[in-house]
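Q:
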Amino acid sequence: CFPRALICCTAAGGNVPVTTDTFTPAFSNTTPSCKTQFRKQSTQYNADTIPHIPKPEYDINFLCNPSNRDTIFNNIKARKTVGDIDKVLELSGKPELKKSFLYELNKIPNQTDPRVLTYGEPQILKQCGHEPEFDFKPQQFSTLATNLNAFKSQLLGPLIGTRGYLFLGDLAQLEEALIHFTVKKLMKHGFKLVSVPDIIPTEVIERCGLITDNGRHLVYNLSPFYEGDYSLSGTAEMSLAYKVMNTLFDSKDLPLKMAAVSRCFRAEISNLIHEKNLYRVHQFTKVEMFVCSKHEESEEQFQELLSIQEDLFSSLNLYLRIIDMPPHDLGSPAYRKIDIEGWMPGRKLYGELSSCSNCTDYQSRRLGIKYKTKNGETLHVHTLNGTACAIPRMLIALCETHQTKHNRIKVPEILLPYMTGKTLIKKQPIANMKLFKYRPQI
Numbered sequence: 001c002f003p004r005a006l007i008c009c010t011a012a013g014g015n016v017p018v019t020t021d022t023f024t025p026a027f028s029n030t031t032p033s034c035k036t037q038f039r040k041q042s043t044q045y046n047a048d049t050i051p052h053i054p055k056p057e058y059d060i061n062f063l064c065n066p067s068n069r070d071t072i073f074n075n076i077k078a079r080k081t082v083g084d085i086d087k088v089l090e091l092s093g094k095p096e097l098k099k100s101f102l103y104e105l106n107k108i109p110n111q112t113d114p115r116v117l118t119y120g121e122p123q124i125l126k127q128c129g130h131e132p133e134f135d136f137k138p139q140q141f142s143t144l145a146t147n148l149n150a151f152k153s154q155l156l157g158p159l160i161g162t163r164g165y166l167f168l169g170d171l172a173q174l175e176e177a178l179i180h181f182t183v184k185k186l187m188k189h190g191f192k193l194v195s196v197p198d199i200i201p202t203e204v205i206e207r208c209g210l211i212t213d214n215g216r217h218l219v220y221n222l223s224p225f226y227e228g229d230y231s232l233s234g235t236a237e238m239s240l241a242y243k244v245m246n247t248l249f250d251s252k253d254l255p256l257k258m259a260a261v262s263r264c265f266r267a268e269i270s271n272l273i274h275e276k277n278l279y280r281v282h283q284f285t286k287v288e289m290f291v292c293s294k295h296e297e298s299e300e301q302f303q304e305l306l307s308i309q310e311d312l313f314s315s316l317n318l319y320l321r322i323i324d325m326p327p328h329d330l331g332s333p334a335y336r337k338i339d340i341e342g343w344m345p346g347r348k349l350y351g352e353l354s355s356c357s358n359c360t361d362y363q364s365r366r367l368g369i370k371y372k373t374k375n376g377e378t379l380h381v382h383t384l385n386g387t388a389c390a391i392p393r394m395l396i397a398l399c400e401t402h403q404t405k406h407n408r409i410k411v412p413e414i415l416l417p418y419m420t421g422k423t424l425i426k427k428q429p430i431a432n433m434k435l436f437k438y439r440p441q442i
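Every letter in the sequence shown is one number past the one before it in full-length UniProt numbering, and letter 159, counting from 1, is 159.
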């Protein structure tokens, strides 16, 4: 019901996914002129259609004021990021070193909300709901759903790769039900639904605050053969920020509230036992909220996003705790971040279901997103983002919470209108799929 991006080419009489491995060899037997022409056309396409990414507009007056040095230094130390304010001050005022100066400026993180600056550990703000009780030993999601023929994560072949998975039958319908339920709720709160691309310029990802050149493989980069530096989006937040890049809003048009349903791609996974299987995967579906706000309204918008998240998850009868994150868990862009964790009875652990971040003007300064005040002053908007529904972990919490003694899953009442009358997820009458281990030919 919602569009999902797929890149295809016609080969061998049908549509097949394009990858570097499948596509590049097709050019290996072509003439050099053909390759050159393809690259020329790609370059022309990029030059004509890719929006210009503006130069960042850092808060130079604050960052390069020596009297702010200790404040910035202590902020960087508390956040455990890679910025070096002393190097910034050393390079400032030296035009011949402008490139190095801007590079160092970009590594300075956002300021931190004073309310959390002294936190050493996450602080629990509140708990919601009641811990579910069972008169049997609750199963973990992977065991429960696999026994119902509704989930597969083993022997899926070479195309899906590690941490791949399939939802089948009623579980796949439950995924769509969660998406429809979430989107309907967001639209009632004034969010506009946007269908976003999964492929965006790598520079946009970096401008949003994710450092991609520090040796950690966080994003999937596309082959440079196709001209330009592009990556798969890790979250719709990046694509939505890209959508409003180089925009000057009138203050009366703010807040701008957007939502997107997209696939999210994460190259880095954890080897921790409690994060195996579906908990941390390379790709998943997520409903994301993104807001552009006036300065004086961003705290209000932050609290609204948090309230929406709490309402969404509580209506599914999940046991939750809301956590204010300390500086070292904020990354570079967030001024303040609050996570919501859900109790997962089979795992006997809380798992992160969502995060809500106020990034103030960190992203907008790097992407040229501004607004004019009533007095005619031009300011950078404040950007905020929040998870409305991250499918894998939501399904883990929901299915483990609502499992029955007879190894079934009870559908929460609020999702029944989207489940065509199904109240229970039972063993699926799906023929066993023939799955084989891949043995490459030598």
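Note that beta-carbon positions come from the ideal geometry of N, C-alpha and C, so glycine has one too.
#1: Under the rule that 16 or more other beta-carbon atoms within 10 Å means buried, what is N29, buried or exposed?
#2: Quick check: G83 and I108, are their CB atoms within less than 8 angstroms of each other?
#3: Is I124 buried or exposed, if buried means 16 or more other CB atoms sit within 10 Å of its CB?
#4: For L424, which residues in the same chain have their Cβ closer than 8 angstroms to its Cβ, ignoring the five residues on either side in sequence?
#5: Taking just the CA atoms, how far does K55 sit from residue 518?
#6: Can you list, in chain order, the residues of its chain whose CB lies under 6 angstroms from that of K426, leaving out five sequence neighbours each side?
#7: For D198, does the three-state DSSP call read helix, strand or coil?
#8: Is DSSP giving A388 helix, strand or coil here?
#9: By Cβ distance below 7 angstroms, which residues in the same chain neighbour M187 in space, the five residues on each side in sequence not counted?
#10: Along the beta strand (DSSP E) that carries H402, what are the first and last residues, could you check?
#11: Would you decide whether residue 507 is buried or exposed? Buried here means 16 or more other CB atoms lie within 10 Å of its CB.
#12: State buried or exposed for S142, treating a residue as buried only when at least 16 other CB atoms are found within 10 Å of its CB.
#13: Hey, is P56 close to the ligand FMN, as in C-beta under 7 angstroms from one of its heavy atoms?
#14: Are Q111 and G209 closer than 8 angstroms when you measure CB to CB?
#15: Could you give the distance in angstroms between the alpha-carbon of I338 and the alpha-carbon of A145?
#16: Write down the C-beta distance between I205 and M238 rounded to the nearest angstrom, noting that I regard them as a contact closer than 8 angstroms.
#17: Buried or exposed, going by whether 16 or more other CB atoms sit within 10 Å of the CB of H402?
#18: What's the gap between the Cα of Q309 and the Cα of N385?
#19: Assuming Q309 is part of the alpha helix (DSSP H), what are its boundary residues?
#20: Tell me R336's beta-bridge partners as DSSP assigns them.
#21: Starting from I124, follow its DSSP beta bridges and name the residues at the other end.
#22: Just curious, the alpha helix (DSSP H) that E237 is in, first and last residue?
#23: Excluding five sequence neighbours on each side, which residues of the same chain lie with their C-beta closer than 8 angstroms to the C-beta of L168?
#24: Give me the residue from Y319, G331 and H382 with the minimum Cα distance to E131.
#25: Where does M419 fall in DSSP's three states?
#26: Just the C-alpha distance for E268 and Y220, rounded to the nearest angstrom, thanks.
#27: For A334 and L102, I'd like the C-alpha separation in whole angstroms.
#28: Give me the Cβ distance between P122 and I323, rounded to the nearest whole Å; I'm assuming they're in contact under 8 angstroms.
#29: Can you tell me where the alpha helix (DSSP H) holding E175 begins and where it ends?
#30: Taking 8 angstroms as the threshold (C-beta atoms), are S262 and E288 in contact?
#31: Kindly indicate which three-state DSSP category T383 falls into: helix, strand or coil?
#32: Let's see if you can read the secondary structure: which residues bound the beta strand (DSSP E) around R263?
#33: Whole angstroms are fine: how far does the CA of K94 sit from the CA of K77?
A: The relevant details are as follows:
#1: Residue placement at N29 is poorly supported in this model, since its pLDDT is 42, which falls under 50; the coordinates still yield a value, given next. Counting Cβ neighbours within 10 Å, N29 comes out exposed, since fewer than 16 surround it.
#2: yes
#3: exposed
#4: T404, R408, I409, K410 and V411
#5: No statement about residue 518 is possible, as the shown extent of the chain runs from 1 to 442 and does not include it.
#6: R408
#7: coil
#8: strand
#9: L193
#10: That residue, H402, is in no beta strand (DSSP E); it is neither H nor E in DSSP.
#11: Any answer about residue 507 is impossible in this case: the structure gives the chain only from 1 up to 442.
#12: buried
#13: Ligands displayed in this structure: none; no statement on the ligand FMN is therefore possible.
#14: no
#15: 30 angstroms
#16: 6 angstroms
#17: buried
#18: 11 angstroms
#19: S298 to S314
#20: N358
#21: I323
#22: A236 to K243
#23: N149, A150, F151, K152, Q428 and I430
#24: Y319
#25: coil
#26: 9 angstroms
#27: 20 angstroms
#28: 5 angstroms
#29: G169 to K188
#30: yes
#31: strand
#32: L256 to F265
#33: 26 angstroms
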